[in-house]
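Asker: This is the structure, below, for whatever I ask next.
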Amino acid sequence: MIMEEACCTCALLLRNIQPIYSEKSEKPIAYDRKLACCNRTICGNCIAKNESFATYCPFCQMSTMPSSLAQGLREPPSYTPPTASSLKPPAYTDAPLSNALPPYSSLPPQAQILAEKLEPLAQDVLHFLDHETDTLTSLSFRYDVPMAALRRKNNLSADYLLGARRTALIPGEFYRGGVSLSPRPVEGEEEERRKATVRRWMVACKVSDYDIALLYLEQADYGFDAALEAYRDDSRWEKEHPMVANIKGKGKTSKEIGRRFTEQR
1 MIMEEACCTC ALLLRNIQPI YSEKSEKPIA YDRKLACCNR TICGNCIAKN
51 ESFATYCPFC QMSTMPSSLA QGLREPPSYT PPTASSLKPP AYTDAPLSNA
101 LPPYSSLPPQ AQILAEKLEP LAQDVLHFLD HETDTLTSLS FRYDVPMAAL
151 RRKNNLSADY LLGARRTALI PGEFYRGGVS LSPRPVEGEE EERRKATVRR
201 WMVACKVSDY DIALLYLEQA DYGFDAALEA YRDDSRWEKE HPMVANIKGK
251 GKTSKEIGRR FTEQR
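Residues 1 to 265 (the UniProt record's numbering) make up the sequence shown, in order.
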């Protein structure tokens with residue numbers, strides 16, 4: 001298969017190139033040139049557009065014009081000798097020494113990022129939950145905090161566990177407002193204090209019945225020590241009078257509880 005030759009500058013096949021003719025002589029302005037240095041060909045149209053291609057090879061960067069240099073060498077670029085003024089060192093003045101620290105605005109970007117990291121983080125915010133409206137998704141939108149950060153801060157392995165919490169911590173790492181959107185208990189501080197007293201009494205007396213805890217605390221006007229002492233007195237009386245307890249049946253009923261405290265024994 002015969003390889004067709006193409007121009008090494010415009011990359012067109014030589015047989016497809018229409019030569020540019022002179023208006024006066026009606027002959028081609030330039031003819032194709034075969035380069036002796038690399039055996040390439042430059043078409044006449046490229047030579048007509050750039051006359052330097054007639055004596056110069058753009059690939060080997062060699063000229064066929066006579067030169068004082070050896071063949072294959074190029075002449076060095078022209079230059080002008082330096083003047084006396086350019087040889088002098090630049091003038092400078094001694095900058096006054098100052099003990100003042102530079103402002104933060106003059107720090108480079110990396111130093112500014114480091115300074116921001118060293119700033120103390122904002123404190124976590126306590127949010128009292130309203131289980132009718134508050135969910136992990138709503139808290140994430142209201143405080144603009146990722147849900148993953150809320151789960152991590154409150155040790156929640158699942159979202160539904162938030163329903164068992166009375167409060168939630170909003171991480172100060174993401175929320176810089178510092179103000180809680182629910183700073184007080186939803187049912188009021190007095191009701192929250194009453195429920196806390198009931199839970200404390202149930203734990204101290206090891207009683208799981210909520211109604212029994214309410215009965216003792218209501219009789220004592222929610223005095224924790226008085227209600228606790230009344231329950232212990234009743235428990236002690238039942239141990240001292242086992243026959244009475246067996247006759248009336250096993251376990252305590254709402255009528256039997258607090259007899260000593262209500263002076264009904």
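Cβ atoms here follow ideal geometry from the backbone N, Cα and C, with glycine treated the same way.
#1: Report all residues from its chain with a CB closer than 7 angstroms to the CB of LEU181; omit the five preceding and five following residues, and keep chain order.
#2: Grab me the residues of LEU13's own chain with a C-beta within less than 6 angstroms of its C-beta, minus the 5 sequence neighbours each way, in chain order.
#3: Can you list, in chain order, the residues of its chain whose CB lies under 8 angstroms from that of ARG184, leaving out five sequence neighbours each side?
#4: Quick one: measure Cβ to Cβ for LEU217 and THR197, integer angstroms, because I've assumed they're closer than 8 angstroms.
#5: Taking only runs of the alpha helix (DSSP H) that begin and end inside the stretch 119-161, which ones reach a length of at least 4 residues, in chain order?
#6: Spatial neighbours of VAL145 within its chain, please: CB distance less than 8 angstroms, with the 5 preceding and 5 following residues excluded, ordered by chain position.
#7: Is LYS27 helix, strand or coil when you go by DSSP?
#8: Could you spell out where the alpha helix (DSSP H) holding ILE47 opens and where it closes?
#9: Do ALA54 and ARG33 have their beta-carbon atoms positioned less than 8 angstroms apart in this structure?
#10: Roughly how many angstroms lie between the CA atoms of HIS241 and LYS195, to the nearest whole one?
#11: How would you label ASP234, buried or exposed, when you count the other beta carbons within 10 angstroms and need 16 or more for buried?
#12: Tell me whether the beta-carbon of ILE29 lies closer than 8 angstroms to the beta-carbon of ILE20.
#13: Do PHE224 and ARG193 have their beta-carbon atoms positioned less than 8 angstroms apart in this structure?
#14: Between residue 268 and ALA148, what straight-line distance do the alpha-carbon atoms span, to the nearest angstrom?
#15: Please work out which residues of its chain come closer than 8 angstroms, Cβ to Cβ, to LYS27, disregarding the five sequence neighbours upstream and downstream, and give them in chain order.
Answerer: With the given structure in hand:
#1: HIS127, ARG142
#2: GLU4, ALA6
#3: PHE128
#4: 6 angstroms
#5: 136-143, 147-154
#6: LEU139, ILE170, PRO171, PHE174, TYR175
#7: coil
#8: 44-49
#9: yes
#10: 33 angstroms
#11: buried
#12: yes
#13: no
#14: In the structure displayed, the chain extends from 1 to 265; residue 268 sits before or after that span and is not available.
#15: TYR21
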